[in-house]
């Protein structure tokens, strides 16, 4: 497994250079905020390279944003503003278009602040908050406009067959990620939470064909030679965003003696539960999968669907404890964290620990104390 | 058959404690300021507690470290968080304890526990120094009072002046302006104690607080806070004779229940 994660790391280390090279050859690059509402298939079908801007966890990026926006925004979103303006995340310097699904005021802030302060072309993509017919039409309208935009920047018309091919490619990737994830229903899990998260994060940036090949090797490897992890308390890690580079919480949990067996996040963890079907109206089918079938994050109303899904995950993955990792000022997640523990206890007899981060390194000590206490109690 | 002696050590942000535990209870303890070298204070604390207990280091069967500096204790056999240890220690001293309020130098916690002393839930505030030992130190200086007299003097006032700032820095300026307005110092002190207590009370409301409540940590020495908490929770609050050593005591109890270390 180590060999495979290292292979991914070295691919990611050269990816920036690869993209610079591809741009020289005329390819376009479309970045997007990885909340799960941007169909990458459209980017791929237009011949452009999709890059999920999944990096976070960096206090310096959050600090950089303070000259452009007040403090009361989600730490991940402030970090994107910091990265985008400073170029601290090199991918922001390579974008021909930045698509931002606007799910709440925090993602809107990324869109508006970067639009005002940088030369990056921004495509704000509205995501409605209720799953109903009119909301579906609104989302589909966004998908159509995004397709037109992708065609405009690449100068390529997206054909039915190109889009279908892209859907099948992305389905393959999702299927493999899901397969690996489902293998973790066994106790002990055959790979660490840290490794799974690294693969999932990698999928936002890596070349699709490379990633699919790597995921296939991971499946083979796990089936032939599962990692011999001890049986330890099984943790569901959930929250607003788990960004690439925001490794503190994952490391602390696994060092304190927990096995993370499943993650559920709005941003940073690719939604891999639903594939896109292929039929005559591909754009409508994309909207169906990316919007109607997607388990909604906290800001959707009513929040029940997400909480039901979390309870289902707790049961399916035989979870012993839920760790709720929210970022500072993402108030929609805070709202749920007050009342969800009671439901969780009643319906699944599982306790929950709430953690909050502003990507500040000084948080690690108290966070460790909370996590160790929580896992110690689960182990009894 | 050797002596069954265990030790616990708690390296906190402001103070550190060691407890030597025998079969019949505490044999000796020590309390020291943590300072800038937690490793050294751990050593000194342990030596002092051993001397007071009249126990040789070799006779200690195992040592558990707790507190935020728990990983800085090279001679400990195991580390357990202070949340778990405070619950255990408070339960040992007051077996009916089901809720622990711990206010230390750098954070405050509310812990609920079961009849065996195991943690069932907890809430912890560590975002700022608000309502902690450090906060009281700053306020005592601003009010030109000894820290040890702050609580008692606050009880001399019939009512407190409302204090709205809980940030240590802003609360200090608020206190200074109240002094300038000519408010009685005792009333300001009482206001400060009420403000700290209601902050802890709001944190506790997130959990299922049950009686009995035991108050631990250095701030439990402050009578003003104890009284204000009793009013808010509408029940008496247990205060150990030495509230600062409860974490170290819990650690020693865990060392004892795990038995001697493998040698």
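Chains as they are written, first to last, in our numbering: chain A, 7 to 386; chain B, 2 to 264. We treat Cβ as the ideally placed atom computed from N, Cα and C, and that holds for glycine. In this text the structure is predicted, and so the values were computed from the model without any measurement.
Extent of the continuous beta strand (DSSP E) run through residue 283 of chain A: Here residue 283 of chain A belongs to no beta strand (DSSP E), and DSSP marks it neither H nor E.
What does the alpha-carbon distance come out to for the pair residue 179 of chain B and residue 195 of chain B? Answer to the nearest angstrom: the Cα atoms are 16 Å apart.
Unbroken alpha helix (DSSP H) run spanning residue 74 of chain A, endpoints: Secondary structure note for residue 74 of chain A: it is in no alpha helix (DSSP H), with a DSSP letter that is neither H nor E.
Cutoff 8 Å: residue 82 of chain B Cβ touching any chain A Cβ: Contacts with chain A at 8 Å (Cβ-Cβ) include residue 82 of chain B.
Exposed unless 16 or more other CB atoms sit within 10 angstroms - verdict on residue 351 of chain A: Classification of residue 351 of chain A: exposed, given that the 10 Å Cβ count is below 16.
Cβ-based burial, residue 93 of chain A [other Cβ within 10 Å; buried from 16]: When all chains shown are included, residue 93 of chain A counts as exposed.
Any chain A beta carbon closer than 8 Å to residue 264 of chain B: With a pLDDT of only 46 at residue 264 of chain B, under the threshold of 50, the placement of this residue in the model should not be trusted; the figure read from the coordinates follows. Answer no: the Cβ-Cβ gap between residue 264 of chain B and chain A never drops below 8 Å.
Within 8 Å of any Cβ in chain B, is that where the Cβ of residue 318 of chain A sits? Not closer than 8 Å to any Cβ of chain B, the Cβ of residue 318 of chain A fails to qualify, so no.
Output the distance between the C-alpha atoms of residue 317 of chain A and residue 354 of chain A, rounded to the nearest integer angstrom. Approximately 7 Å, taken between the alpha carbons.
Hey, is the region 217-234 of chain A in contact with the region 25-39 of chain A, meaning 3+ C-beta pairs nearer than 8 Å? The region 217-234 of chain A makes no contact with the region 25-39 of chain A; the number of CB pairs closer than 8 Å stays below 3.
Does residue 382 of chain A come within less than 8 Å of chain B when only Cβ atoms are used? The beta carbon of residue 382 of chain A falls within 8 Å of a beta carbon belonging to chain B, placing the residue at that interface.
Anything in chain B within Cβ reach of residue 379 of chain A, meaning under 8 Å, just list it in chain order. Within chain B, the C-beta atoms nearer than 8 Å to that of residue 379 of chain A come from 82, 84, 85, 120 and 123, in chain order.
Distance, Cα to Cα, residue 76 of chain B vs residue 10 of chain B? Taking the straight line from one Cα to the other gives about 10 Å.
Which same chain residues, not among the five before or five after residue 169 of chain B, have their C-beta less than 6 Å away from its C-beta? Answer for residue 169 of chain B: 130, 136 and 139, listed in chain order.
Integer-rounded CB distance, given that residue 384 of chain A should sit under 8 Å from residue 327 of chain A: Confirmed, Cβ separation roughly 5 Å.
Show which residues of chain B have a CB atom less than 7 Å away from the CB atom of residue 371 of chain A. Result: 69.
Please tell me whether residue 108 of chain B has its Cβ less than 8 Å away from any Cβ of chain A. Yes, residue 108 of chain B lies at the interface with chain A (some Cβ there is under 8 Å from its Cβ).
Beta carbon of residue 160 of chain B nearer than 8 Å to that of residue 188 of chain B: Here residue 160 of chain B is near residue 188 of chain B, since their CB atoms are less than 8 Å apart.
Residue ranges of each alpha helix (DSSP H) run of no fewer than 4 residues wholly in the region 174-252 of chain B, ordered along the chain? Runs of the alpha helix (DSSP H) lying entirely within the region 174-252 of chain B and spanning at least 4 residues, in chain order: 186-205 and 224-234.
As a quick exercise: from A/201, A/190, A/364 and A/141, pick the residue whose alpha carbon is nearest that of residue 64 of chain A. Comparing Cα-Cα distances from residue 64 of chain A to each of A/201, A/190, A/364 and A/141, the minimum goes to A/364.
Residue 12 of chain B and residue 68 of chain B - do their beta-carbons sit closer together than 8 Å? Taking 8 Å as the Cβ cut-off, residue 68 of chain B and residue 12 of chain B qualify as a contacting pair.
Smallest Cα separation from residue 1 of chain B: which of B/261, B/250 and B/210? This structure gives no information on residue 1 of chain B, because the portion of chain B shown stretches from 2 to 264.
Taking the alpha-carbon positions, what's the residue 2 of chain B to residue 66 of chain B distance? With a pLDDT of only 43 at residue 2 of chain B, under 50, the local geometry of the prediction cannot be trusted, and no value is derived from it.
How far does the alpha helix (DSSP H) with residue 320 of chain A in it extend, from its first residue to its last? Per DSSP, residue 320 of chain A belongs to the alpha helix (DSSP H) from 310-322.
Which of helix, strand or coil DSSP assigns to residue 236 of chain A: DSSP, reduced to helix, strand and coil, places residue 236 of chain A outside both helices and strands of the structure shown, so it counts as coil.
If you run the structure through DSSP and keep just helix, strand and coil, what is residue 338 of chain A? Residue state for residue 338 of chain A is assigned as helix, using DSSP reduced to three classes.
When you compare each of A/103, A/277, A/345 and A/85 to residue 55 of chain A by their alpha carbons, which one comes out closest? Ranked by how close their Cα comes to the Cα of residue 55 of chain A, the residues A/103, A/277, A/345 and A/85 have A/103 in first place.
For residue 11 of chain A, does the three-state DSSP call read helix, strand or coil? Of the three classes helix, strand and coil, the one that applies to residue 11 of chain A here is helix, per DSSP.
When the distance is taken between beta carbons, is residue 152 of chain B closer than 8 Å to residue 239 of chain B? No.
I think residue 14 of chain B touches residue 105 of chain B, with their Cβ atoms under 8 Å apart; what is that distance to the nearest whole Å? 7 Å between Cβ atoms; contact.
Does the Cβ of residue 191 of chain B have 16 or more other Cβ atoms within 10 Å, making it buried, or fewer, making it exposed? Taking every protein chain shown into account, the CB of residue 191 of chain B has 16 or more other CB atoms within 10 angstroms, so this residue is buried.
What are the start and end residues of the alpha helix (DSSP H) that includes residue 140 of chain A? 139-160 is the span of the alpha helix (DSSP H), which, as asked, contains residue 140 of chain A.
Cross-chain neighbours of residue 1 of chain B in chain A, by beta carbon under 7 Å: This structure cannot speak to residue 1 of chain B, because chain B is shown only from 2 to 264.
Tell me residue 305 of chain A's beta-bridge partners as DSSP assigns them. Answer by DSSP bridge pairing: none, since residue 305 of chain A is not bridged.
Every unbroken alpha helix (DSSP H) inside the region 32-94 of chain B [4 residues or more]: Counting only runs of 4 or more, we get 39-54 and 83-94.
Can you pull the DSSP bridge partners for residue 358 of chain A? Residue pairing of residue 358 of chain A in beta bridges, as defined by DSSP: A/328.
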